[in-house]
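Read in order, the letters of the sequence shown correspond to residues 0 to 394 in numbering that gives the first Met the number 0.
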Amino acid sequence: MKIILKLEPPFEWVRVHGGRVEAFGEVPSLGDYSITEEDDVVGVVSGEWVTTHEVNLPAKTRKQFNAALPYALEEAISEDVDNLHFVCSNWKAGEPCLVHVVAKEKMAEWQALANHYRLPIEQLIPDHALLPFHDVADFSLAVTEKAGQAQTLLAAHREGSSISIDDEFLDVWLMDLPLNSVVAVNDEELTQKLIEAHPDRDFRHWPFGKKLAHWLEYPLATKLDLWSDRFRPSVSFFDKRRLLFPLAILGLGIFIKFSFDTYKYFALHAEIASINQEAKNILAKHFPDLGEVENHKEKQFMQRAIANMSQNASEKGLPFILNDIAPTLKSQNVLVSEFNFRENTLIVTCILNDLSQVDTIARQLDAKPNLNAELQSSETDEGKVIASYKLSQPI
0 MKIILKLEPP FEWVRVHGGR VEAFGEVPSL GDYSITEEDD VVGVVSGEWV TTHEVNLPAK
60 TRKQFNAALP YALEEAISED VDNLHFVCSN WKAGEPCLVH VVAKEKMAEW QALANHYRLP
120 IEQLIPDHAL LPFHDVADFS LAVTEKAGQA QTLLAAHREG SSISIDDEFL DVWLMDLPLN
180 SVVAVNDEEL TQKLIEAHPD RDFRHWPFGK KLAHWLEYPL ATKLDLWSDR FRPSVSFFDK
240 RRLLFPLAIL GLGIFIKFSF DTYKYFALHA EIASINQEAK NILAKHFPDL GEVENHKEKQ
300 FMQRAIANMS QNASEKGLPF ILNDIAPTLK SQNVLVSEFN FRENTLIVTC ILNDLSQVDT
360 IARQLDAKPN LNAELQSSET DEGKVIASYK LSQPI
């Protein structure tokens, strides 16, 4: 949504959406403008404060152009260039361009108005830059309505130059126009007057209106912006309600993240407690002689106990027994489901492939020179053959 506001009386406003005028009107003062957060605000000032000049400087960079510009226009401007603000929106190296000139004092005044009335004006343009153009016309000439003031004429060229003039200066302006130019005029009486005074020129009545709202019914083609970083107002239209939805989403995200992290913490805590308890059960079952073991140190105590078993060469201990039986169990392709080591005796429970392996494994283990082996028990459970073997070292 775009809203165009005049900064000088009459204080007209026009709301444009999708290239069409949706509403328009006038307010008593600048403080009475109604602006919404969706509006792109454009400020309009009287063109009598802005002049346009065409220049062509042999500058290769924009910095060089900006440095030389004031001195290039010094003879064409009656005021001191140090007091003037220059705007060139269509500069290209080596090509002529249009330069708009306005007093710095006036720019500062418009900036102060925007700041004082909290108007977030993003673009500032003179009123003569808003004139529409007829399809067959090269120039537009408009009579404006300003209460209590002398009639003002606004003139604009299709290529971008525009000017604010009065009746006395009209003939001077016409002298610079090519004779074959077509000029569209919004006032019928002025059109007839011009035709009679200049029969060799082509003036055509085109009633495109005398107010801002009338001109904005046609496409707004100008990209001119008189502001610069130095004069741009320090006002931004911001509605705190725009933060509510993002903040709600952010708060919900934080709550979900906190809840998920809390769930993971307690789930992990429960899992760790379960693992620790299982370690205690294994330790108590297979190493009952260790007694009470400090929490979370079960693995260390088991490693220490196994190491102690093998310190004496005459008592080889669990590591050597496991080393002796491993080849046999591997060759028979059986699965060890449980083992229990106590008093230098290892009870190994295996899941076998068939009943014939029960005695075969017992004989192969007992044939080991450093091992006494005997079948302790065997049974079948849900189609599985389970056998336990008692293994010890020779005395």
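The C-beta atom is built at its ideal place from N, Cα and C for all residues, glycine as well.
The three-state reading of DSSP puts Leu176 in coil, since its state is none of H, G, I, E or B. Within 10 angstroms of the beta-carbon of Gly250 lie fewer than 16 other beta-carbons, which makes it exposed. In the structure shown, the three-state DSSP call for Glu381 is coil.
The beta-carbon separation of Val20 and Val13, rounded to 6 Å, stays under the 8 Å limit for a contact. A check of alpha carbon separations from His127 across Leu219, Ala66, Asp134 identifies Leu219 as the nearest.
Note that the C-beta distance between Ile120 and Gly42 is below 9 Å.
Contact between Leu370 and Gln392 is confirmed by a C-beta separation of about 7 Å, below the 8 Å threshold. In this structure, the alpha-carbon of Ile164 lies about 36 Å from that of Glu37.
Taking the C-beta atoms as reference points, Val100 is found nearer than 9 Å to Val49. For the set Ser227, Gly18, Glu94, the Cα lying nearest the Cα of Asn55 is the one of Glu94. DSSP places Asp323 in the uninterrupted alpha helix (DSSP H) bounded by 317-330.
Following the DSSP letters along the chain, one finds Thr51 inside the beta strand (DSSP E) bounded by residues 50-54.
Asp166 and Gln150 do touch by the CB rule: their CB atoms are close to 7 Å apart, below 8 Å. In this structure, the alpha-carbon of Leu112 lies about 59 Å from that of Tyr264. The straight-line gap separating the alpha-carbon atoms of Ile255 and Glu270 is approximately 22 Å. Boundaries for Ala361: no beta strand (DSSP E) harbours it, while the alpha helix (DSSP H) harbouring it runs 355-365, taken from the DSSP string. In chain order, Trp214 place their CB closer than 6 Å to the CB of Leu129, counting only its own chain and leaving out the 5 sequence neighbours on each side. Taking the C-beta atoms as reference points, Arg203 is found nearer than 9 Å to Val184. The three-state secondary structure of Asn343, taken from DSSP, is coil. In the structure shown, Phe230 adopts coil according to DSSP, grouped into three states. Shown here for Glu144: same chain residues with a beta carbon closer than 6 Å to its own, the five before and five after excluded, namely Lys209 in chain order.
Closest in C-alpha terms to Val347, from the list Ser376, Ala366, Ile248, Gln331, comes Ser376. For Gln191, the enclosing alpha helix (DSSP H) covers residues 187-196. Burial state of Ile248 is exposed, judged by a 10 Å Cβ sphere holding fewer than 16 other Cβ atoms. Taking the Cα positions, Glu104 is about 15 Å away from Gly46. Minimum Cα-Cα distance from Ala71 among the listed residues Val98, Leu153, Ser258, Asp365 corresponds to Val98. Val44 is a Cβ neighbour of Pro125, given a cutoff of 9 Å. Residue pairing of Asp39 in beta bridges, as defined by DSSP: Lys1. Apart from the 5 residues on each side of it in sequence, Pro69 sits with its Cβ closer than 6 Å to the Cβ of Val80 in its chain, given in chain order.
Spanning the alpha carbons of Phe64 and Pro57 requires a straight line of approximately 8 Å.
The DSSP assignment places 61-71 as complete runs of the alpha helix (DSSP H) inside the segment 57-103, in order along the chain (cut-off: 4 residues). Between Leu153 and Ile3, the CB-CB gap reaches or exceeds 9 Å.
Exclusion of the five residues before and after Ser28 leaves Phe10 as the residues of its chain whose Cβ lies within less than 7 Å of its Cβ. The beta carbon of Ala136 sits closer than 8 Å to those of Arg157, Val181, Val182, Ala183, Arg203, Trp205, all from its chain and outside the five residues before and after it, given in chain order. Taken through DSSP and simplified to helix, strand or coil, Ser33 comes out as coil. Residue Asp134 holds the alpha-carbon nearest to the alpha-carbon of Tyr217 among Glu277, Leu267, Asp134.
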